[in-house]
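Working notes, structure below.
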Amino acid sequence: MKSKIVASEETQQEAMKIAKATQKPGQTKEQTRLVAQGIEKGIALYKKQQKEKNRKADKAKKKVQKEKAAATKPAMEPVEQVRETKPQSPSKLPWILLVCSWTLFAAYVVAMK
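Numbering (UniProt numbering), first residue to last: 1 to 113.
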């Protein structure tokens with residue numbers, strides 16, 4: 001089964017402009033409309049093909065990125081295992097920053113009174 005190609009309003013207007021620009025003397029409005037429909041279908045088909053082409057290019061790009069990531073991952077595993085063997089000590093920096101910020105806030109409030 002063939003799916004019906006639906007063109008946007010912009011594409012329809014563009015097709016009609018092209019059809020009117022190429023209109024020959026003695027050509028009826030009906031003939032011009034049919035030419036515009038043909039142009040419209042051509043534009044819609046072209047856009048559809050370009051979307052498919054871009055999709056395939058994106059898939060290929062992602063595949064290459066995954067392959068690169070998979071190739072570099074085995075080299076990284078020993079480093080990660082070394083990190084896991086070290087005990088993690090909690091960082092004191094967040095607590096120091098929290099205390100400093102509250103101290104400065106309290107000083108600001110006292111200074112504003």
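Beta carbons are placed, not taken as given, at the ideal position from N, Cα and C, and that holds for glycine.
So residue i and residue j are in contact, right, with Cβ under 8 Å, and what is the actual spacing, rounded?
| i | j | result |
| --- | --- | --- |
| residue 32 | residue 41 | With a Cβ gap of about 15 Å, residue 32 and residue 41 do not count as contacting. |
Which residue comes first and which comes last in the alpha helix (DSSP H) that contains residue i?
| i | result |
| --- | --- |
| residue 19 | 9-21 |
| residue 90 | Careful: residue 90 lies outside any alpha helix (DSSP H) and carries neither H nor E. |
Counting only the same chain and skipping the five closest in sequence on each side, list residues whose C-beta sits under 7 Å from that of residue i.
| i | result |
| --- | --- |
| residue 15 | 36, 39, 40, 43 |
| residue 105 | none |
Completely contained alpha helix (DSSP H) runs for the region 23-49, where each covers 4 or more residues: none
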